[in-house]
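When we follow the working numbering, the leftmost residue of the sequence shown carries the number 1490, and every step to the right adds one. Beneath this line is the structure, given in structure tokens, with notes to follow.
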Amino acid sequence: MTKLSLMWLLVVLLVSACAGEAPATPEMPLETDATDRSLAEAETTETDRTGLPPVETRPPEADYPPAFSGQTRVGAVATETALEVRVLTDGLDSPWGMAELPDGRIIVTEKAGVVRVVKADGSVSEAIDGFPAINSAGQGGLLDIALAPDFEESRRLYFTLAELGDEGSVTAVGYGRWSEDETVIEDFQVIYRALPFYHGSAHYGSRLVFSDDGTLFVSTGDRQSFDTRMNAQTLDNGYGKILHIDAEGEPVADYFSDHEDALPEIYSYGHRNIQGMAIHPATGDLWISEMGPRGGDELNLILPGKNYGWPLVSYGIEYSGDKVLEGLTVQEGTEQPVYYWDPVLAPSGMSFYDHDLIREWQNDLFIGGLRGGHIARLVIEDRRVVAEERLLEAEGERFRDVLAGADGAIYAITDSGRLYRIGPK
Ligand SMILES: [Ca+2]
């Protein structure tokens, strides 16, 4: 027996031992039909908490073996609360990011370079602009949005965007002041650029998340081409990184001080394209969703100073069907994804649920899927995914961002211009 398989066995034994002691939760069906049970046991692994087969039934595209049990295709879970799904509006134009205002309205970015505000009754405001030149071609545009921690006094809003310059475009972070009459973003200024500029319109990232201490995490992408992707593995540039900056765009710490050329704002590296990022409400852990190549979408728990592998390590294959470089899924010095999807979900924006309204959702992670065409609900315990559910699969939408609202509902925007509200009946 190899060292690795011995390690797997240990993990399986440990996890199944823990699962055996765990008390029944509302997510675990207490009674299961005998036929269902034997089917479930045949198709799922020992770590499955739910006893149900995985939601994914299609054959994998890359089909690499996982590094540990429960890293992909965990058992299904089904929400027991009766849900009401409403389309608040279908009148948005390629919405990309959203945030909740203190009064409960939702403020949304549109790729073309404006923001709009949606009220609970579904009415949509006029376009609010005030941004610099943006490359809105391809995957570019006005991207994510976040309220400054002191928004109620400062009226300051933060954004990521694909800023357009003479040398191409770049993922940039900036802020401006939303005018009192709500018609314009005033004095917008870029405070950070994930350099270098590049002539391409893909893999910009990007999400913005404020930490409790008022500092800002920003995610980027590798800019997609074979010429740029190796930049994810070097520390002298902003591609394929999580960046940690303060509210004025300055580095918070120097996580790679032992590397001479490292940019001090780099928090983690080796990422392909990160369009989802959220902080766990109970543990404070930073989680991201990451677009992989074919069959290699990842959920990662982010720790500072770590290498998340891309493009040296991946569970996916090239769009051509070739291996990515050496076709490695494990390499010393790189972090394993907590979870991966093969075939892909194309995970975009995500949010943890932290509300009493739907108790069975407490601390669960909701991720919008573009290719998957649904919202993935993941139940996470001890930094592992233990159950997965697909929500709104019948809608046939590309879910770009997901927000857990202060009212206990889940909000989601789609590329087709819809804003959904998902709450109890
Ligand atoms: Ca990875």
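A virtual CB, placed ideally from N, CA and C, is assigned to each residue, including glycine.
If you draw a straight line from the alpha carbon of R1547 to that of E1882, how long is it in whole angstroms?
Here residue 1547 refers to the residue found at position 58 when the sequence shown is read from its first residue. Here residue 1882 refers to the residue found at position 393 when the sequence shown is read from its first residue. Using only the alpha carbons, I get a separation of about 15 Å.
CA nearest to the CA of L1788, picked from H1733, A1901, H1760:
Counting from 1 along the sequence shown, the entry for residue 1788 is found at position 299. Of the listed residues, the one whose Cα sits closest to L1788 is H1760.
CA-CA distance, Y1647 and G1602?
Reading the sequence shown from its first residue, position 158 is the one you call residue 1647. Reading the sequence shown from its first residue, position 113 is the one you call residue 1602. Roughly 14 Å separates the two Cα atoms.
When you compare the CB positions of I1595 and L1908, do they come within less than 9 Å of one another, or not?
Residue mapping note: residue 1595 aligns to position 106 of the sequence shown, counting from 1. Residue mapping note: residue 1908 aligns to position 419 of the sequence shown, counting from 1. Cβ atoms of I1595 and L1908: closer than 9 Å.
Can you determine whether any heavy atom of ligand 1 sits closer than 8 Å to the C-beta of T1823, and answer yes or no?
Counting from one through the sequence shown, the residue named residue 1823 turns up at place 334. Answer for T1823: yes, Cβ within range of ligand 1.
Excluding five sequence neighbours on each side, which residues of the same chain lie with their C-beta closer than 6 Å to the C-beta of P1555?
Within the sequence shown, residue 1555 is the residue found at index 66, counting from 1. Excluding sequence neighbours, P1555 sits near T1561.
Inspect the CB distances between the segment 1637-1657 and the segment 1717-1732 and report whether three or more fall short of 8 Å.
no
What separation, rounded to the nearest whole angstrom, lies between the Cα atoms of W1497 and Q1820?
Indexing the sequence shown from 1 puts residue 1497 at position 8. Indexing the sequence shown from 1 puts residue 1820 at position 331. The predicted position of W1497 is uncertain, since its pLDDT is 46 and thus under 50; a value taken from the coordinates is nonetheless stated next. The straight-line gap from Cα to Cα measures roughly 16 Å.
For a quick check, are the C-beta atoms of P1584 and F1640 less than 9 Å apart?
For the purposes of this step, residue 1584 is taken as the residue at position 95 of the sequence shown. For the purposes of this step, residue 1640 is taken as the residue at position 151 of the sequence shown. No, they are not a contact pair.
Using a threshold of 9 Å, state whether the C-beta atoms of M1780 and I1791 are closer than that.
Here the question's residue 1780 lines up with position 291 in the sequence shown. Here the question's residue 1791 lines up with position 302 in the sequence shown. For M1780 and I1791, no; Cβs fall outside 9 Å.
Determine the contact status of S1708 and A1691, defining contact as a CB-CB distance below 9 Å.
On the sequence shown, residue 1708 is found 219 positions in, with the first residue counted as 1. On the sequence shown, residue 1691 is found 202 positions in, with the first residue counted as 1. The answer is no: Cβ separation not under 9 Å.
Is any non-hydrogen atom of ligand 1 found closer than 8 Å to the C-beta of E1779, if you look at the structure I gave you?
The count along the sequence shown starts at 1 and reaches residue 1779 at position 290. Yes; taking the cut-off as 8 Å, the Cβ of E1779 has a heavy atom of ligand 1 nearer than that.
Any chain C beta carbon closer than 9 Å to T1561
Going by chain labels, chain C is absent from the structure shown, which holds only one protein chain.
Between the alpha carbons of R1712 and Y1687, how many angstroms are there, rounded?
Mapped onto the sequence shown, residue 1712 falls at position 223. Mapped onto the sequence shown, residue 1687 falls at position 198. Approximately 8 Å, taken between the alpha carbons.
May I ask you to check if the CB of L1826 is nearer than 8 Å to at least one heavy atom of ligand 1?
Along the sequence shown, one-based indexing puts residue 1826 at 337. The amino acid occupying residue 1826 in the given sequence is Pro; Leu does not appear at that position. True, at least one ligand heavy atom lies under 8 Å from that Cβ.
Would you say N1720 touches ligand 1, meaning its beta carbon is less than 8 Å from a heavy atom?
The residue you call residue 1720 lines up with position 231 of the sequence shown. No, the beta carbon of N1720 sits no closer than 8 Å to any heavy atom of ligand 1.
Using C-beta distances below 8 Å, list every residue in its chain close to P1740, excluding the 5 sequence neighbours before and after it, in chain order.
If you number the sequence shown from 1, residue 1740 lands on position 251. Excluding sequence neighbours, P1740 sits near H1733, I1734, L1752, P1753, E1754.
Compare the beta carbon distance of G1580 and G1906 with 9 Å and say whether it is the shorter of the two.
On the sequence shown, position 91 is the one that residue 1580 refers to. On the sequence shown, position 417 is the one that residue 1906 refers to. Going by C-beta atoms, G1580 is nearer than 9 Å to G1906.
What is the DSSP secondary structure of R1872, counted as helix, strand or coil?
The sequence position of residue 1872 within the sequence shown is 383, counting from 1. It is coil, neither helix nor strand.
Helix or strand or just coil, what does DSSP make of L1519?
As a first step, residue 1519 is located in the sequence shown; it is residue number 30 there, counting from the start. Residue placement at L1519 cannot be trusted, given a pLDDT of 34 that sits under 50; what the coordinates show is reported in the next sentence. The answer is coil: DSSP assigns L1519 none of H, G, I, E or B.
Does the count of Cβ pairs from the segment 1846-1861 and the segment 1789-1808 closer than 8 Å reach three?
no
If you measure between the beta carbons of D1871 and R1889, is that distance less than 9 Å?
The count along the sequence shown starts at 1 and reaches residue 1871 at position 382. The count along the sequence shown starts at 1 and reaches residue 1889 at position 400. For D1871 and R1889, no; Cβs fall outside 9 Å.
Taking 8 Å as the cut-off, is the beta-carbon of G1703 closer than that to any non-hydrogen atom of ligand 1?
The sequence position of residue 1703 within the sequence shown is 214, counting from 1. Not so, every heavy atom of ligand 1 lies at least 8 Å from the Cβ.
State yes or no: is the C-beta of I1617 within less than 9 Å of the C-beta of I1674?
Within the sequence shown, the letter at position 128 stands for residue 1617. Within the sequence shown, the letter at position 185 stands for residue 1674. Contact flag set, yes.
Are F1706 and P1770 touching if we call contact CB-CB under 9 Å?
As a working mapping, residue 1706 is identified with position 217 in the sequence shown. As a working mapping, residue 1770 is identified with position 281 in the sequence shown. No, they are not a contact pair.
By the three-class DSSP mapping on this structure, what secondary structure does W1850 have?
Residue mapping note: residue 1850 aligns to position 361 of the sequence shown, counting from 1. Here W1850 sits in helix by DSSP.
Terminal residues of the beta strand (DSSP E) in which V1589 lies:
Numbered from 1 along the sequence shown, position 100 holds the residue referred to as residue 1589. First, the residue type needs correcting, since residue 1589 is Glu and not Val in the sequence shown. 1584-1589 is the span of the beta strand (DSSP E), which, as asked, contains E1589.
Note down, in chain order, each residue of its chain lying with its Cβ closer than 7 Å to the Cβ of G1894, except the 5 sequence neighbours on either side.
Numbered from its first residue, the sequence shown carries residue 1894 at position 405. Closer than 7 Å at the Cβ level, and outside the excluded window around G1894, lie E1589, Y1900.
Which class does R1718 belong to by DSSP, given the choice of helix, strand or coil?
The sequence position of residue 1718 within the sequence shown is 229, counting from 1. R1718: helix per DSSP, three-state reduction.
Taking T1772 as the reference, which of G1694, D1843, E1849, T1568 has the closest Cα?
Locating residue 1772 in the sequence shown gives position 283, where the first residue counts as 1. It is D1843 whose Cα lies nearest to the Cα of T1772.
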